[in-house]
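Peer 1: Read in order, the letters of the sequence shown correspond to residues 0 to 191 in numbering that gives the first Met the number 0.
No residue lacks a Cβ here, since even glycine has one placed at the ideal position from N, Cα and C.
One structure is given below, represented as C-alpha cells, and several questions about it will come after.
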Amino acid sequence: MVSFLLAVLVVPLYSLAVPVLLETMGVHENWVPTVMLVGQVSEFPALMLLAFCLKRLGLRVTFALGITAWAIRYGLFSAGTPWWLVIVGLALHGVCHVFLVIVAQLYIDANCRADLRASAQNLLSFVTLGIGMPLGALLGGLLFEKFKHNFEILFAIPSVAALGLLLLFWKTVHIGGGHATDATTSEQVNSI
C-alpha cells in the first residue's frame, strides 16, 4: 500500500517539474538531462550503502529512510536556492529509489512462499508501476499546471505527502525484529 501511495503522491512529479525548476535556475534546456544525471549516478553508491543499512538497520528502517529521502529531496527542491541544495536533492535519487524498490522486493522474497514469489513481485510491479504511476502522472500533471509558477508550494506538497506516508508506514507496518535477522533476508543482504 505504501509503495502504491508513493507512486501516486510523490514519484511522478519529479520528471515533470524538476527540469523546469533547473531551467528557471539558469540551466540551459540542453544541459538539463546532464545535470539530472547526478541522480542516476547516485544509484551506484546507494546500492553499496543499501547492504550496510540492511545489515545494521533492517528492512523496516531502511525502507523508512527511503521514504524520508523523498521528503527531504522535495523539501530541498521547494527551497530552490542556493543551487547546491537542488544538486543535493538530485543526488538523493539513488537512496530514494534503491531504498524503496529493492527493499520492497527483498521483503516480498523473504516473506512469500517460493511458489508465490514471482506472482507477488509481479503484483507489486503492477500495482505501483501499472496503476500508481499513471495515477500519479495525472495528479502530478494537475499539480504542475496549478503551481508551475510557485515551486515552493509545488514541491512542498509531495514533501508533506512523503512525511505523511512515512508516519503511516511507521505506525502500520511492523517487520520482524528490526534487523535483517531472518535467514532468507540475511542471505539476500549478503548477496548485494
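What is the DSSP secondary structure of L15, counted as helix, strand or coil?
Peer 2: helix
Peer 1: Take L165 and list the residues in its own chain whose beta-carbon comes closer than 7 angstroms to its own, dropping the five residues that flank it on each side.
Peer 2: A63, I66, T67, A70
Peer 1: My output table needs one value for G129: the three-state DSSP class, helix, strand or coil.
Peer 2: Here G129 carries a helix assignment [DSSP, helix/strand/coil].
Peer 1: Three-state secondary structure (DSSP) at G65?
Peer 2: helix
Peer 1: Round the Cβ separation of V97 and A45 to the nearest angstrom and send it over; I've been treating them as touching at under 8 angstroms.
Peer 2: Correct: roughly 4 angstroms between the Cβ atoms.
Peer 1: Do the stretch 69 to 87 and the stretch 5 to 24 make contact, defined as three or more Cβ pairs closer than 8 angstroms?
Peer 2: yes
Peer 1: Work out the CA separation of V102 and L58 for me, nearest whole Å.
Peer 2: 6 angstroms
Peer 1: Indicate the three-state DSSP secondary structure (helix, strand or coil) for W30 in the structure shown.
Peer 2: Correct three-state label for W30: coil.
Peer 1: Which whole runs of the alpha helix (DSSP H) in the stretch 85 to 133 are 4 residues long or more, in chain order?
Peer 2: 92 to 110, 116 to 124
Peer 1: Have a look at A6 and A117 and give me their C-alpha separation to the nearest angstrom.
Peer 2: 21 angstroms
Peer 1: By how many angstroms is the C-alpha of M47 removed from the C-alpha of A182?
Peer 2: Residue placement at A182 is flagged as unreliable, the pLDDT there being 47, under the threshold of 50; a coordinate-derived value is accordingly withheld.
Peer 1: Compute the Euclidean distance between the alpha carbons of V31 and F143, then round it to the nearest angstrom.
Peer 2: Answer to the nearest angstrom: the Cα atoms are 18 angstroms apart.
Peer 1: Let's test the definition: count the other Cβ atoms within 10 Å of the Cβ of V1 and tell me whether it reaches 16, buried, or not, exposed.
Peer 2: buried
Peer 1: Between which two residues does the alpha helix (DSSP H) harbouring I152 extend?
Peer 2: 150 to 171
Peer 1: Pop quiz: L105 and G38 are said to be a contact at Cβ under 8 angstroms. What is the actual Cβ separation, rounded to whole angstroms?
Peer 2: With 8 angstroms as the limit, L105 and G38 do not qualify as a contact, their Cβ atoms being about 22 angstroms apart.
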